[in-house]
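S.K.: Sequential numbering of the sequence shown, starting at 258, is according to our numbering.
Heads up, the beta-carbon is just placed ideally off N, CA and C, and yes, glycines get one too.
To start, I am sharing the structure in question, which I have written as structure tokens.
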Amino acid sequence: MKLKHLLRYPFDIRLAEEHLASPSKVKMPTDETTIGIDLYSDQLLFDGGRHLTCLAALAGKIGSQVTLRCSRVLLAAIAHKPHGGRFLSMPHVNWIDPQATFPLQSLVLLDTDGGQADRVLNRQRTVAMLIGRDPVDKTLVMPYPMHPQQIADAVTACDDTLRRRIKAGIFFAGNQNRRYGRDSMHHEFGVLSRLEILSTLRSHFDVRIATRDSDGRDDQIVLRDSASDPIAAKDWMNTIAAHQFFLCCPGASQPVCHNAIEAMSVGTIPILEYADRFHPELIDGVNAICFRGRKGLVAAIRRIDSMPPEKRARLSRNVCQHYDEHLDGARFLKRLRDELNTDFVDQVSMPFHNRNFYSKSAPPSGRVPQGHRRAA
């Protein structure tokens with residue numbers, strides 16, 4: 258455990274206890290399998306603990322309790338994260354210490370730090386989370402999640418009302434500060450940074466740039482800075498759904514950003530340079546508009562300009578279908594939870610970061626050998 262976690266422990270553990278004692282805590286009326294999250298390291302706390310919170314939000318969507326098992330020091334570290342308090346305060350989330358056992362009917366998600374042998378698992382089905390940059394061959398790949406606020410609070414992603422909305426124009430909203438212009442996008446992933454994409458559009462399509470909304474105009478390109486002109490979470494999905502195309506600019510440390518998933522859930526067509534980061538890969542002209550480099554971006558916008566309405570409508574339908582089949586996080590977790598064949602999967606790749614937390618040569622496994630149990 259990192260020294261900073263230990264130094265902050267006295268304050269953060271009190272914060273964790275307050276969140277876990279939230280008055281909103283209620284036992285969810287469900288007979289479904291519990292989702293256990295068994296943590297041995299702080300690997301899942303990157304990005305402010307957002308992806309840990311997303312896991313819990315998705316479990317709530319499918320009616321599962323979440324039982325977190327970790328040390329008190331790690332529990333305190335979770336509470337310190339921007340999204341950690343929300344995670345611990347969720348009504349269906351509870352914590353147990355490392356010596357306690359999960360409910361018998363549990364799907365237990367393990368981080369990959371090893372050391373699992375010093376905790377009790379009573380034949381629960383286990384899945385190792387391979388957290389990192391690259392998916393591991395022959396594993397299921399967890400879809401990149403929406404922002405936890407949208408998972409928990411937004412209208413149902415496949416709500417036909419949003420998908421049927423009249424859509425027009427190209428839209429982007431997101432932070433535009435300097436960290437989104439780092440050279441790491443070039444060096445590590447071979448794609449343009451967010452700021453390079455935005456500057457390219459401003460230099461080639463200046464008269465078409467707007468900063469608020471498209472006003473129903475197909476020729477508008479809306480580039481909205483969320484730092485100076487934020488969109489309330491409750492309005493986010495409606496705002497995306499009003500536009501026909503979403504400019505999927507990279508995040509700060511790796512290309513995929515949650516807003517690409519949110520856009521696709523309502524049938525807004527992604528414009529992006531990292532189709533290969535999706536699993537299965539997005540296809541240009543079928544369920545995405547793909548480009549490569551600055552010239553490719555300019556050419557993509559011009560292709561959109563000449564695209565007939567019927568092709569746009571077909572693209573949007575294909576985007577919805579791809580989301581439903583491959584990117585719906587709740588559907589993915591439900592499949593993982595409800596699969597009765599225990600050999601179905603014991604590893605899940607989570608390529609959400611800019612580096613791997615596991616060895617690609619020998620990725621760890623969550624499998625508990627038949628007839629064995631890990632002892633305390």
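Are the CB atoms of A425 and D475 nearer to each other than 7 Å?
M.R.: A contact, by the Cβ cut-off of 7 Å.
S.K.: Of the choices G389, T418, G320, V330, whose alpha-carbon is the least far from that of C577?
M.R.: Considering only alpha carbons, the answer is T418.
S.K.: Do E519 and M403 have their C-beta atoms closer together than 7 Å?
M.R.: Yes. Within cutoff.
S.K.: Leaving out five residues before and five after L325 in sequence, what residues of the same chain have Cβ atoms less than 6 Å from its Cβ?
M.R.: These residues qualify, in order along the chain: I294, W352.
S.K.: Using three-state DSSP, classify R469 as helix, strand or coil.
M.R.: Here R469 sits in coil by DSSP.
S.K.: Go through its chain and collect everything with a Cβ distance to E289's Cβ below 6 Å, but skip five positions before and after it.
M.R.: The residues are G320, S321.
S.K.: Expressed to the nearest angstrom, what Euclidean distance is found between the alpha-carbon atoms of S616 and G550?
M.R.: So the alpha carbons of these two residues sit roughly 31 Å apart.
S.K.: The alpha helix (DSSP H) spanning L593 covers which residue range?
M.R.: 586-595 is the extent of the alpha helix (DSSP H) around L593.
S.K.: Count the other C-beta atoms from every protein chain shown that fall within 10 angstroms of the C-beta of F502, then say buried if there are 16 or more, exposed otherwise.
M.R.: Buried, by the Cβ-count rule.
S.K.: DSSP three-state call for F503: helix, strand or coil?
M.R.: Here F503 sits in strand by DSSP.
S.K.: Between the Cα of N379 and the Cα atoms of T369, L361, G389, H515, which residue gives the shortest distance?
M.R.: Per the Cα distances, L361.
S.K.: Leaving out the 5 sequence neighbours to the left and right, which residues in its chain are closer than 8 Å to A556 when beta-carbon positions are compared?
M.R.: F548.
S.K.: Taking 8 Å as the cut-off, does the stretch 343-357 touch the stretch 563-578 (at least 3 CB pairs, one atom from each stretch)?
M.R.: Judged by Cβ distances under 8 Å, the stretch 563-578 makes no contact with the stretch 343-357, as fewer than three pairs qualify.
S.K.: Going by the beta-carbon positions, is the gap between V464 and D470 smaller than 7 Å?
M.R.: Cβ distance not < 7 Å, so V464 and D470 don't count as in contact.
S.K.: Can you have a look at E530 and say buried or exposed, based on whether 16 or more other CB atoms are within 10 angstroms of its CB?
M.R.: Classification of E530: buried, given that the 10 Å Cβ count is 16 or more.
S.K.: Closest to I427 by CA distance: which of L572, F609, T525, P339 is it?
M.R.: The candidate whose alpha carbon is nearest that of I427 is T525.
S.K.: Give the DSSP-derived three-state secondary structure of I497 in the structure shown.
M.R.: Residue state, collapsed to three classes: helix.
S.K.: Label N544 either buried or exposed according to how many other C-beta atoms from any shown protein chain fall within 10 Å of its C-beta, with 16 as the threshold for buried.
M.R.: The residue in question, N544, is buried, as its Cβ has 16 or more Cβ neighbours within 10 Å.
S.K.: Per DSSP, M607 is paired with what?
M.R.: Looking at the DSSP assignment, M607 forms a beta bridge with I388.
S.K.: Taking a contact to mean a Cβ-Cβ separation below 7 Å, would you say A517 touches S483 in this structure?
M.R.: No; because the gap between Cβ atoms is not below 7 Å, this pair is not in contact.
S.K.: Would you mind sorting P626 into buried or exposed? The rule is 16 or more other CB atoms within 10 Å of its CB.
M.R.: Because P626 carries a pLDDT of 42, less than 50, the predicted location of this residue cannot be relied on, and the following value inherits that uncertainty. Per the 10 Å Cβ criterion, exposed.
S.K.: Taking the beta carbon of G447 as the centre, do at least 16 other beta carbons fall within 10 Å, making it buried, or is it exposed?
M.R.: Exposed, by the Cβ-count rule.
S.K.: Among L387, I454, I561, R420, which one has its Cα closest to the Cα of P494?
M.R.: What sits at residue 494 in the sequence shown is Met, not Pro. Per the Cα distances, R420.
S.K.: To the nearest angstrom, report how far apart R382 and Q604 are at their CA atoms.
M.R.: Cα-Cα distance, rounded: 11 Å.
S.K.: Determine the extent of the beta strand (DSSP E) in which L367 is found, giving its start and end residues.
M.R.: Segment 363-367, the beta strand (DSSP E) holding L367.
S.K.: CA-CA distance, L449 and N434?
M.R.: Approximately 15 Å between the Cα atoms of the pair.
S.K.: Quick check on DSSP: helix, strand or coil for F446?
M.R.: Looking at F446 - three-state DSSP - the assignment turns out to be helix.
S.K.: Between F589 and H308, is the Cβ-Cβ spacing less than 7 Å?
M.R.: No.
S.K.: Could you say which of K568, L264, M399, L296 lies nearest to L584 if we only look at CA atoms?
M.R.: Taking only the C-alpha atoms, the option nearest L584 is M399.
S.K.: Would you call the CB atoms of A490 and R422 closer than 7 Å?
M.R.: No, they are not a contact pair.
S.K.: Within the same chain, show all residues whose beta-carbon is closer than 7 Å to that of A313, passing over the 5 residues directly before and after it, in chain order.
M.R.: Closer than 7 Å at Cβ, skipping near neighbours: V323, F344, M347, V350.
S.K.: Relative to the alpha-carbon of A587, which residue among S522, R569, E538, D541 has its alpha-carbon at the smallest distance?
M.R.: Nearest option by C-alpha distance: S522.
S.K.: Consult DSSP for F359 and reduce its assignment to one of helix, strand or coil.
M.R.: Looking at F359 - three-state DSSP - the assignment turns out to be coil, as it is neither helix nor strand.
S.K.: Closest by CA to R612, which one among F303, E275, R265?
M.R.: The shortest C-alpha separation from R612 is found at F303.
S.K.: I believe R436 touches A316 by the beta-carbon criterion, under 8 Å. Please report the beta-carbon distance rounded to the nearest angstrom.
M.R.: Not really, about 31 Å apart at Cβ, beyond 8 Å.
S.K.: I'd like the ranges of any alpha helix (DSSP H) spanning at least 4 consecutive residues and lying wholly in the stretch 320-353.
M.R.: If we require 4 residues or more, the alpha helix (DSSP H) runs fully inside the stretch 320-353 come out as 329-337, 341-346.
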